[in-house]
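Everything below concerns the one structure shown next.
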Amino acid sequence: MNQGKLYGIGVGPGDPELLTCKAVRLIKECDVIAVPKGGSGEQTALQIAAAFIQDKPILHCDMPMTRDQAVLNACHDQAADDICALLNEGKNVAFLTLGDPAVYSTYWYVHRRVQARGYTVEIVPGVPSFCAAAARLGQALCEGSQMLHIIPASHSSTKEGLALSGNKILMKAGKSILEVRDLLEADGKLDSAALVERCSMEGERVVRDLRELDDPTGYFSVILVREEQK
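Note that the UniProt record's numbering has the sequence shown beginning at 1, numbered continuously upward.
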């Protein structure tokens, strides 16, 4: 029996209409749908693609929200084991991930493990959340020779990232959002920042003045910080 193939499929930021034609086709064609279990995006990714999944079997891959690398490695290894077992049966597997598989995606850790074992894998790009957020705000992410920086706002490198020249995308802020706002204010960048929470999903919120924030936002929050061109 021929081995199956693993597809890492980006389902976009939330609106099912933002799924690519290729993503829709492969979701319909694949034998099994895999999703991370334990992360904030699990049920959301399933809901986005629900109309195309129908009654296909779902493989839930345990991916706890932790920074314990030993725990994460064990979970990624187990997910690779489970997926490879299906591939050995000749089944094609579609691993769904929010946004794009190449941007802070749990899928990548599984992808490289499966690939290292000699299986055929393919990444199918999706619309990243920050592109959707920029569209929602009616802003360009970068113009002319401007640089664009993607910064994980829940990590200690945020202050260093904000000092870089160019426009910034702050992702994964979540519970750290008020601290990030204070950093922006201290750097004189608060008036150039805007936030989109749950972009293109139910409950979407746009905050153009971060001074209005009085509590931490949810996991699906993106802050865009623009640098005025001289």
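Even for Gly, the Cβ is constructed at its ideal location relative to N, Cα and C.
query	result
Cα-Cα separation, PHE52 to VAL24	7 angstroms
Reference VAL127; option with closest CA among TRP108, LYS5, SER154, CYS21	CYS21
Distance CB(TYR119)-CB(LEU6) smaller than 8 angstroms	yes
CB contact flag (ALA186, VAL207, <8 angstroms)	no
Where the alpha helix (DSSP H) containing GLY12 begins and where it ends	Looking at the DSSP string, GLY12 is not in any alpha helix (DSSP H), and its letter there is neither H nor E.
Range covered by the beta strand (DSSP E) that runs through GLU197	193-197
Integer-rounded CB distance, given that LEU18 should sit under 8 angstroms from LEU96	The Cβ separation is near 14 angstroms, so there is no contact.
Touching by the beta-carbon criterion (3+ pairs, under 8 angstroms), the region 203-219 and the region 169-181	yes
Spatial neighbours of HIS76 in its chain, beta-carbon cut-off 7 angstroms, leaving aside the 5 residues before and after	TYR109, VAL110, ARG113
Segments assigned alpha helix (DSSP H), at least 4 residues, entirely inside the region 50-101	50-53, 69-88
LYS56 to ILE33 span [Cα, whole Å]	7 angstroms
Which listed residue (HIS60, GLY174, ILE151, THR66) has its alpha carbon closest to that of ALA80	HIS60
Whether ALA70 touches ILE9 by CB criterion (8 angstroms)	no
Best match in ARG67, ALA132, GLY14 for proximity to ILE48 [C-alpha to C-alpha]	GLY14
Where THR44 falls: helix, strand or coil (DSSP)	helix
TYR219 in three-state terms, based on DSSP	coil
Assumed close pair VAL222, SER129 - CB separation to whole angstroms, cut-off 8 angstroms	5 angstroms
Under 8 angstroms between C-beta atoms of SER154 and ALA173	yes
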